[in-house]
Each structure stands twice: as C-alpha cells, then as structure tokens.
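With full-length UniProt numbering applied, the sequence shown corresponds to residues 1 to 129, in that order.
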Amino acid sequence: GTYAYTSLVQAFANEGQLGRSMELVEEMRASGVAANAVTYSVVVDAAVRAGLVRQARQVMLSMSEANLSPTTMMYNMLLRAHADKPEPDLNAAFELLQEMRRARVQPSTVTFSVQRRSTGSGSLTESSA
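Laid out in structure tokens, this is it:
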C-alpha cells in the first residue's frame with residue numbers, strides 16, 4: 001500500500017534517484033494506491049536537496065490531482081532553497097509566502113527563521129521583494 005510505496009520512494013530519493021522516485025508516485029496513481037502528503041514531501045525534499053527547485057515546485061502543484069495540499073514543511077523546504085542561494089531569490093520567496101497565505105497554510109517558526117535569514121533580519125514584505 002501507501003506505506004510500502006512511500007518507503008521505496010524514500011529509498012530512491014536517498015540514493016539521489018529523483019526520477020525513479022517520481023516514477024513510483026506515478027505508478028502509485030496508476031495502481032490505484034493513494035499517495036499521501038508524506039509521499040510527496042519525500043519527493044519535494046529530494047528535489048530541493050538536488051538543487052531542482054522547479055521540479056520540487058511541480059511536485060507540489062501536482063498534489064491537487066490527488067486531492068492533497070502542500071504542507072507548511074514543503075513550503076519551508078522551498079523557502080529554504082530560495083534563501084540558501086548565494087543570491088537569495090527574494091521574489092520567489094515572497095511569492096511562496098503569498099501562496100501560503102492564500103492557501104491558508106500556517107507558517108511555522110521555521111518559516112519565519114528562513115524569512116529572516118533570506119532578508120538579513122527584516123520581514124519579507126512587498127517592499128523587500
């Protein structure tokens with residue numbers, strides 16, 4: 001079931017095989033096994049760790065096909081990816097924060113910590129993005 005597939009997705013992700021992890025998520029859908037937020041979180045994390053922020057974003061967007069929504073942790077992963085660049089991408093981070101608000105995803109202390117790190121010490125607002 002979901003747990004077994006998610007374990008396999010995690011194993012491939014840990015080996016740096018993001019493509020295979022994503023294929024397994026598709027295989028889950030085709031087999032009628034429901035992926036859950038943990039499954040998607042594993043893939044988002046693997047993509048971010050590989051520096052593939054765009055792919056991580058696509059995985060988050062694809063969650064709606066499974067009637068799931070991105071979690072605070074997933075948004076934090078992407079925010080961290082934007083903040084940890086040599087030149088932080090403040091526009092992308094601001095857009096993610098706005099999206100979190102629209103989706104009513106509650107920010108966490110990690111969200112605010114990443115926000116402060118990416119902007120020096122201030123708040124990420126429209127004027128700083």
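Just so it is clear, CB atoms sit at the ideal spot from N, CA and C, and this is done for glycine as well.
DSSP-derived helix/strand/coil call for residue i
i, result
"Glu99", "helix"
"Ala83", "helix"
"Gln106", "coil"
"Ala35", "coil"
"Ala4", "helix"
"Thr72", "helix"
"Asn91", "helix"
"Ala50", "coil"
"Asn14", "helix"
Same chain, Cβ closer than 8 Å to residue i, five either side skipped, listed in chain order
i, result
"residue 166", "Residue 166 is absent from the structure shown; the chain starts at 1 and stops at 129."
"Arg104", "none"
"Leu24", "Tyr5, Leu8, Val9 and Phe12"
Selection from the options that minimises the alpha carbon distance to residue i
i, options, result
"Gly32", "Val53, Asn14 and Gly1", "Gly1"
"Met60", "Ala50, Met100, Val44 and Thr72", "Val44"
"Ser62", "Ala35, Leu97 and Phe94", "Ala35"
"Ala30", "Gly51, Glu15, Glu65 and Gln58", "Glu65"
"Val53", "Leu96, Phe112 and Thr111", "Leu96"
"Asp84", "Leu68, Gly51 and Arg102", "Gly51"
"Ala93", "Tyr75, Glu26, Arg102 and Val110", "Tyr75"
"Leu68", "Tyr3, Tyr40 and Thr111", "Tyr40"
Cβ shell of residue i (< 7 Å), same chain only, five flanking positions each side left out
i, result
"Val38", "Thr6"
"Ala46", "Ala13, Leu18 and Ser21"
"Pro107", "Thr72 and Met100"
Local Cβ density within 10 Å of residue i, reported as buried at 16 or more and exposed below that
i, result
"Gln115", "buried"
"Pro86", "exposed"
Spatial neighbours of residue i in its chain, beta-carbon cut-off 6 Å, leaving aside the 5 residues before and after
i, result
"Val42", "Val9, Gln10 and Ala13"
"Met28", "Tyr5 and Ala35"
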